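For any residue, its number in my numbering is found by taking its place in the sequence shown, counting from 1, and adding 5. C-beta: ideal position from N, C-alpha, C; glycine also. Here the structure is a predicted model, which is why all the values come from computation and not from measurement.
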Amino acid sequence: MLEEPFFFDNNNYYLFGILHHPLPGSKRKDLGVVLCAPFAEEKLWSHRVYVSFARELAKEGYGVLRFDYMGHGDSSGNFEDSTIQTRLSDITRSIEIIKKKGEVRRVGLLGLRLGATLAVMVAERISNIDFLVLWEPVVEVEAYLQQCLRSNLATQMAIYKKIVRNRKEMTEDLLEGKPVNIEGYMMSGEFYKQASKIDLINYNICFSSPVQIIQISKNEKIRLNTTFRELYEKKYGDANDNNEFCAVVEEPFWSEIKTYYQNAPNLFNKTITWLNGVIGTESDWYAFSLQD
């Protein structure tokens with residue numbers, strides 16, 4: 006079976022995953038990739054691109070694990086009960102699973118938006134992550150969550166024709182432990198308290214394996230994001246000769262756009278080219294791993 010759906014346990018709940026096995030005829034690599042999904046509605050909009058990219062990686066000989074966090078998709082639990090800590094635990098467990106079920110010794114993480122932020126955090130917690138690919142990482146999570154709260158304001162205007170509770174009041178609700186609706190997802194106070202403290206610029210980052218940070222812009226005249234540049238230069242720039250910060254032209258497929266977005270070819274090519282260049286074939290990867 007080339008794409009294997011299954012459930013796996015983590016703590017007292019079950020997560021749903023799909024393992025993409027390397028395609029027959031590909032140069033199979035002793036390396037797996039765990040895809041870390043973004044937050045809430047962004048996970049929904051980016052789902053098809055994630056599926057397509059997993060299949061492209063499988064063509065290149067990589068095993069890939071996509072999974073739903075606790076309280077998301079087909080996994081057990083309630084979304085409101087999921088926090089930053091449960092998500093970090095879910096990613097960590099997924100690394101163990103792809104090593105066992107995918108029969109690989111080494112694993113890298115790829116994340117989009119908040120999923121990229123979580124990938125950074127997991128890579129600092131455990132010592133066996135062999136690369137990071139960060140697509141449009143959320144660097145200042147508090148600012149990101151305030152953007153999420155704006156969607157609640159839009160919903161209020163659509164339903165009530167006025168603002169019933171403003172962002173300041175909703176933030177106070179969260180700090181008091183009350184959940185707030187974000188595009189149909191109940192964000193808990195505990196999630197907010199944990200997430201709002203995260204700022205990757207001020208995060209203690211010691212990761213020294215290869216890192217690729219990609220800015221995604223629909224404008225061909227791309228101006229590099231100063232926050233991404235600061236993250237790269239302060240935390241990763243000199244840590245590894247294979248590190249890369251770049252930009253590609255794609256639609257923001259993690260948000261609601263008019264176009265059906267199944268593939269992101271510029272993004273796919275940039276990451277696969279970088280990954281193959283760093284990792285190479287299985288024999289090349291073994292030689293590379295001896296330098297760790």
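Spatial neighbours of Y18 in its own chain (CB-CB distance under 6 Å, excluding positions within 5 residues in sequence) are listed in chain order as M75, S81 and G82. Annotated as distal: F136 and S99, with beta-carbon spacing of 8 Å or more.
With respect to F258, V56 sits apart: the two C-beta atoms are not nearer than 8 Å. Apart from the 5 residues on each side of it in sequence, P142 sits with its Cβ closer than 6 Å to the Cβ of A121 and T122 in its chain, given in chain order.
For D79, there is no enclosing alpha helix (DSSP H), since its DSSP letter is neither H nor E.
Comparing C-alpha distances from E235 to each of E174, I277, Q220 and L158 shows the shortest one belongs to Q220.
DSSP places D135 within a strand segment (E or B) once states are collapsed to three. Taking the Cβ atoms as the reference, E255 lies roughly 11 Å from N274, outside the contact range of under 8 Å. Of the residues N247, P10, L20 and L24, the one whose Cα lies closest to the Cα of T91 is L20. When the Cα atoms are used, Q267 and G113 turn out to be separated by approximately 23 Å. DSSP places F212 outside both helix and strand once states are collapsed to three, so it counts as coil. I103 is positioned such that its CB atom lies closer than 8 Å to that of G37.
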